[in-house]
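Novice: Mapping the sequence shown onto our numbering, position 129 (from 1) lands on 137, and the numbers just tick up by one.
Even glycine gets a Cβ: it sits at the ideal position worked out from N, Cα and C.
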Amino acid sequence: MRLYFLGIDGLATSILFAPQNQGRWPNFAHLFAQSQHGICDCEAEYQFTGPSWTSIYTGQPADVHGLKDLWGRPRNGSKAFVNVQEAYVWDILNQHGLSTGVITMPITYPARRVQGWMIAGFPSPKLSVTGPVSVPPDFLVDHSEAIRRTQRIPGIGYAWHDQMSLAEDVEHLKQVELRKAQLVPQWLAASPVDALFVQYSSLDRVGHELNNYARRGQPFDYSHVHTMYDWFDAELLPQLLAIEADYLIVVSDHGWPLWAEVQGGHDQHGTYVLRGPDVPAGMRLDGRNIDIMPTTLDLLGFEPPAVTGHSILLRTSELDLIDEHLEGLGYL
Ligand SMILES: [Zn+2]
Numbered sequence: 009m010r011l012y013f014l015g016i017d018g019l020a021t022s023i024l025f026a027p028q029n030q031g032r033w034p035n036f037a038h039l040f041a042q043s044q045h046g047i048c049d050c051e052a053e054y055q056f057t058g059p060s061w062t063s064i065y066t067g068q069p070a071d072v073h074g075l076k077d078l079w080g081r082p083r084n085g086s087k088a089f090v091n092v093q094e095a096y097v098w099d100i101l102n103q104h105g106l107s108t109g110v111i112t113m114p115i116t117y118p119a120r121r122v123q124g125w126m127i128a129g130f131p132s133p134k135l136s137v138t139g140p141v142s143v144p145p146d147f148l149v150d151h152s153e154a155i156r157r158t159q160r161i162p163g164i165g166y167a168w169h170d171q172m173s174l175a176e177d178v179e180h181l182k183q184v185e186l187r188k189a190q191l192v193p194q195w196l197a198a199s200p201v202d203a204l205f206v207q208y209s210s211l212d213r214v215g216h217e218l219n220n221y222a223r224r225g226q227p228f229d230y231s232h233v234h235t236m237y238d239w240f241d242a243e244l245l246p247q248l249l250a251i252e253a254d255y256l257i258v259v260s261d262h263g264w265p266l267w268a269e270v271q272g273g274h275d276q277h278g279t280y281v282l283r284g285p286d287v288p289a290g291m292r293l294d295g296r297n298i299d300i301m302p303t304t305l306d307l308l309g310f311e312p313p314a315v316t317g318h319s320i321l322l323r324t325s326e327l328d329l330i331d332e333h334l335e336g337l338g339y340l
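1. Specify the secondary structure class of W262 as computed by DSSP and reduced to three states.
2. Sorted by chain position, which residues of the same chain lie with C-beta nearer than 8 Å to S22's C-beta, five sequence neighbours on each side aside?
3. Write down the C-beta distance between I115 and T62 rounded to the nearest angstrom, noting that I regard them as a contact closer than 8 Å.
4. With DSSP as the reference, identify every bridge partner of C50, one or two as the case may be.
5. Around the Cβ of N3, are there at least 16 other Cβ atoms within 10 angstroms (buried) or fewer (exposed)?
6. Using only the alpha-carbon positions, how far apart do H333 and D286 sit?
7. Assuming S319 contacts C48 under a Cβ cut-off of 8 Å, what Cβ separation, rounded to an integer in Å, is found between them?
8. Hey, G67 and M301 are a contact pair by Cβ (cut 8 Å); roughly how many whole angstroms apart?
9. Using the rule of at least 16 other Cβ atoms within 10 Å of the residue's Cβ for burial, across every protein chain shown, is E53 buried or exposed?
10. Helix, strand or coil for A167, going by three-state DSSP, please let me know.
11. Rounded C-beta distance between L218 and H234? I'm assuming under 8 Å.
12. Flag F56 as yes when its Cβ comes closer than 8 Å to any non-hydrogen atom of ligand 1, and as no otherwise.
13. May I ask you to verify whether the stretch 160 to 167 touches the stretch 64 to 83, counting CB pairs closer than 8 Å and requiring at least 3?
14. What does the alpha-carbon distance come out to for the pair S43 and T57?
15. Determine the closest residue to H151 out of R160, S132, V137, with distance taken between C-alpha atoms.
16. Is S173 a contact residue of ligand 1, with contact defined as CB to any heavy atom under 8 Å?
17. Can you give me the Cβ contacts of G124 inside the same chain, cut-off strictly under 7 Å, excluding the 5 residues immediately before and after it?
18. Residues bridged to F137 by DSSP?
19. Quick one: grab the DSSP three-state call for F25.
20. Put I257 into one of helix, strand or coil per three-state DSSP.
21. Going by beta carbon distance, what residues of the same chain come within less than 7 Å of L308, once the five residues before and after it are set aside?
22. Starting from T108 and walking both ways along the beta strand (DSSP E), at which residues does that stretch end?
23. What span of residues does the alpha helix (DSSP H) with Q194 cover, start to end?
24. Please name the residue in D77, V97, A95 whose C-alpha comes closest to that of A88.
25. Determine the extent of the alpha helix (DSSP H) in which Y96 is found, giving its start and end residues.
26. Mapping DSSP to helix, strand and coil, what is I16?
27. Considering Cα atoms alone, identify which of I127, G317, Q30, L211 is closest to L204.
28. With DSSP as the reference, label I155 as helix, strand or coil.
29. Quick one: Cα of N370 to Cα of P227, how far?
Structure (structure tokens):
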């Protein structure tokens with residue numbers, strides 16, 4: 009496989025790069041040591057899932073692609089997945105002859121036809137699939153699918169949060185993520201593709217679940233956010249990184265503040281990682297969500313299309329040119 013594009017909703021540099029957290033998550037640290045990585049900022053006025061993921065896919069800010077609603081719903085003038093005009097990164101890869109598997113990337117409902125296959129992502133009122141991929145009927149696109157099946161309580165959410173303790177809820181969230189992680193290699197074996205896109209949401213969802221329980225008067229205990237990062241690093245991330253590809257991209261749509269004393273929310277500072285041949289290891293360079301699509305094309309050796317974002321890939325060979333230049337001038 010050429011490309012593995014791993015979306016981790018809400019993976020926050022405010023948490024990952026905090027001095028007090030250094031050494032806490034060795035698998036993330038190892039990944040950063042092998043890669044070019046840094047902050048992936050979303051737009052200040054659109055620090056949320058729908059617009060930011062769509063900017064990641066298209067290389068355009070929300071004012072250009074037009075999908076401004078938090079959940080990509082066609083309301084209040086927002087576009088939706090079905091009528092955004094900009095080309096998506098998987099469409100462009102298809103044009104370059106690469107087949108794509110797209111698994112639960114946010115705001116991709118209903119699934120579109122691609123060269124390959126697609127399983128629509130959250131929010132997804134029902135399973136929506138295109139192409140040759142077989143999805144078990146009990147597969148949950150997202151943890152919240154189970155929540156949504158319980159009784160709605162206007163103003164504060166769903167009966168789920170009264171029926172489940174926070175500990176049970178968090179455990180369910182983990183199980184939904186693990187189930188997806190187990191299915192992905194099976195889908196790839198049955199229907200191989202050149203580029204895989206897949207997204208996991210537990211690092212974002214845990215914060216929102218804390219908010220849901222806090223709305224019911226339970227204490228807001230931020231430590232659950234950190235312990236979810238502990239679990240993700242120790243249990244889930246090694247499974248996710250066991251999938252092999254020439255190039256790896258990890259990206260998040262927004263961040264989460266380090267210390268939310270009351271009900272917390274998103275911040276602007278997502279994370280990205282680039283790993284592969286000719287990508288310098290351990291290099292920190294900050295970028296923006298709109299830079300990810302052109303960077304993806306550049307990484308694979310294709311000319312990025314003319315979009316607002318630009319490639320932030322540093323090539324090892326470019327850094328070598330600096331050495332040659334300095335050597336030529338007699339500095340080295
Ligand atoms: Zn998000």
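Specialist: Let's see:
1. Checking the displayed sequence, the identity of residue 262 turns out to be His instead of Trp. In the structure shown, H262 adopts coil according to DSSP, grouped into three states.
2. The residues are G263, W264, P265, L266, D275, H277.
3. Indeed, because the Cβ distance is near 6 Å, the residues count as touching under 8 Å.
4. Per the DSSP secondary-structure output, C50 pairs with nothing in a beta bridge.
5. Any answer about residue 3 is impossible in this case: the structure gives the chain only from 9 up to 340.
6. Computed Cα separation, rounded: 19 Å.
7. Incorrect: roughly 13 Å between the Cβ atoms, too far for contact.
8. Their Cβ separation, rounded to whole angstroms, is 4 Å, which keeps G67 and M301 in contact under 8 Å.
9. Exposed, since its Cβ has fewer than 16 Cβ neighbours within 10 Å.
10. DSSP places A167 in coil when its eight states are reduced to three.
11. 11 Å between Cβ atoms; not a contact.
12. It does: the Cβ of F56 is within 8 Å (strictly closer) of some heavy atom of ligand 1.
13. Per the Cβ contact rule, the stretch 160 to 167 is not in contact with the stretch 64 to 83 (fewer than 3 Cβ pairs under 8 Å).
14. Annotation: S43 to T57 spans about 25 Å, alpha carbon to alpha carbon.
15. Distance from the Cα of H151 is smallest, within the candidate group R160, S132, V137, for S132.
16. No, Cβ of S173 sits at least 8 Å from all heavy atoms of ligand 1.
17. Counting only Cβ-Cβ distances below 7 Å, and skipping sequence neighbours, we find S107, T108, G109, G139, V201.
18. Sequence check: residue 137 is Val here, not Phe. In the DSSP assignment, the residues bridged to V137 are I127.
19. Annotated three-state conformation of F25 is coil, per DSSP.
20. When secondary structure is reduced to three states using DSSP, I257 falls in the strand class.
21. Around L308: R10, L11, Y255.
22. For T108, the enclosing beta strand (DSSP E) stretches over residues 108 to 111.
23. Residue range 174 to 198 is occupied by the alpha helix (DSSP H) that includes Q194.
24. Checked all of D77, V97, A95; the closest Cα to A88 is D77.
25. Run containing Y96: none; DSSP gives neither H nor E here.
26. It is a strand residue.
27. Among I127, G317, Q30, L211, the Cα nearest to that of L204 belongs to I127.
28. Reduced to three states, the DSSP call for I155 is helix.
29. Given a span of 9 to 340 for the chain in the structure shown, any question on residue 370 remains unanswerable.
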